[in-house]
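The structure appears below as structure tokens.
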Amino acid sequence: MKSKKLIQSAVFSLFAFSAGSAMAVPVLWESNFGDEITDLSGEDDEISNVSLSFLFPFAGDTYSDFAVGTNGGVQALDNAGLAGNDDDIDYDLWADLDEFLGDGSPLFTPFNTDLSLEDSGSIHFNDFGDRAVFTWNEVGSALNPDHLASFQLQLLDIGQIIFSYNGIFDDAGESLFDSLDEGIVTGISAGDFGPNSLVDLSVGDNTGASTVFEQWCFDSADSCDQFTGASNDFFDLDQMSLVFSPNSSGGFNVSAQANSVSAPSMAVIVALSYLTFLRRRSNKP
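Numbered according to mature numbering (1 follows the signal peptide of the UniProt record, and there is no 0), the sequence shown spans residues -24 to -1, 1 to 261.
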């Protein structure tokens, strides 16, 4: 009897550990955010410059200096040390797409919309030597500062780009339509008005363009500038990771990776099955 109780206790402990370890996160989410970019803390519509310890290759050139913006984007600095033609990362690229397609320097926008850190949230930067990570951690929207979003951008020295989303206005009382009064642009741009591909990022694609993106309009479908797009409440990338990999045609192969069942989750199933077995044995005469 004592050994049975010990086994049951161990099973319950395994179940508790596994349940706590099985929280869903994007498959390529980097948990080590690094230092907070304090110049952006408490700010709205601002940028702050950072330098990478390596050269990031993109669209035939290399870059190490970038501007990080509160509005969900990172832009390479040009030869004059500016973030594009206007030295800014605007919040309404969906309504003025030229600012995305041809702003003069490469632009990476995992979640470009009108965000604000005036009341909540932080932006972080971590440099691993061959990979740079930028994290917008529980940042608010300008319309509803207590409605929060978390997402991430990674730049790898091999030219790969990764976007990950870990909770986009997903708490009770929050929604993309109610939390925002702007559209959304997600993608990468060479900033030179060159060839571009409008794709469904949740499906992925192989493109020959160095500008690859998707947009969601506000507050009705196809109200975006220049290109079609669903309304912003159809944003479908939360709890996913997107990988942009350079290909031989000068463009990018885009793959979308959703959450998968983790090993701890399988341990929960095993634990429950074994607990059921023990209970059946104890009920035998």
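Beta carbons: idealized from backbone N, C-alpha and C, even for Gly. Since the model is a prediction, treat every value here as computed from it, not as a measurement.
Do the CB positions of residue i and residue j come within less than 8 Å of each other?
| i | j | result |
| --- | --- | --- |
| Ala43 | Ala59 | yes |
| Leu177 | Leu131 | no |
| Ser221 | Asn229 | yes |
| Asn172 | Thr162 | no |
| Pro82 | Gly167 | yes |
| Gln136 | Val1 | no |
| Asn61 | Gly80 | yes |
| Ser92 | Ala118 | yes |
| Asp201 | Leu4 | no |
| Phe110 | Ile164 | no |
| Asp122 | Ser96 | yes |
| Glu94 | Gly18 | yes |
| Asn113 | Asn47 | no |
| Ser40 | Ser27 | yes |
| Gln191 | Gly159 | yes |
Exposed or buried, what is residue i when buried is set at 16 or more other beta-carbons lying within 10 Å of its beta-carbon?
| i | result |
| --- | --- |
| Leu31 | exposed |
| Ala(-15) | Any reading at Ala(-15) must be qualified, since the residue scores a pLDDT of 43, below 50, and its modelled position is unreliable; no value is offered. |
| Gly227 | buried |
| Asp66 | buried |
| Phe189 | buried |
| Phe210 | exposed |
| Asp198 | exposed |
| Gly57 | exposed |
| Asn208 | buried |
| Leu(-19) | For Leu(-19), the predicted structure reports a pLDDT of 43, less than 50, and the residue's modelled location is therefore unreliable. A value from the coordinates is still provided. Leu(-19) comes out exposed. |
| Asp147 | exposed |
| Asn8 | exposed |
| Ala35 | buried |
| Ile13 | buried |
| Gly149 | exposed |
| Ala206 | buried |
| Asp90 | buried |
| Ala234 | exposed |
| Ser29 | exposed |
Going by DSSP in three states, residue i sits in which element: helix, strand or coil?
| i | result |
| --- | --- |
| Thr162 | strand |
| Phe153 | helix |
| Phe104 | coil |
| Phe210 | helix |
| Thr14 | helix |
| Ser238 | Summary for Ser238: the model assigns pLDDT 44, below 50, so the residue's position carries little reliability; its value from the coordinates is reported in the next sentence. Here Ser238 sits in coil by DSSP. |
| His125 | One detail in the question is off: residue 125 reads as Ala in this sequence, not His. Residue state, collapsed to three classes: strand. |
| Glu6 | coil |
| Cys193 | strand |
| Phe30 | strand |
| Leu131 | strand |
| Ala118 | coil |
| Ser225 | coil |
| Gly205 | coil |
| Thr183 | coil |
| Gln215 | coil |
| Asp168 | coil |
| Leu174 | strand |
| Gly97 | coil |
| Ser199 | coil |
| Ala232 | strand |
| Val188 | strand |
| Val109 | strand |
| Asp21 | coil |
| Ile145 | A quick correction: the sequence has Phe, not Ile, at residue 145. In the structure shown, Phe145 sits in coil (DSSP, three-state: anything other than H, G, I, E or B). |
Is there a Cβ of chain E sitting closer than 8 Å to that of residue i, yes or no?
| i | result |
| --- | --- |
| Leu213 | As a matter of chain content, chain E is missing from the structure shown, which is built from one protein chain. |
Touching by the beta-carbon criterion (3+ pairs, under 8 Å), the segment 171 to 181 and the segment 123 to 133: With a cut-off of 8 Å, the segment 123 to 133 and the segment 171 to 181 do not count as touching, because too few Cβ pairs lie within range.
Completely contained beta strand (DSSP E) runs for the segment 32 to 95, where each covers 3 or more residues: Runs of the beta strand (DSSP E) lying entirely within the segment 32 to 95, each at least 3 residues long, are 37 to 45, 49 to 52, 83 to 88 in chain order.
Validate contact between the segment 105 to 119 and the segment 191 to 206 using beta carbons, cut 8 Å, 3 pairs: Taking 8 Å as the limit for Cβ pairs, the verdict is that the segment 191 to 206 does not touch the segment 105 to 119.
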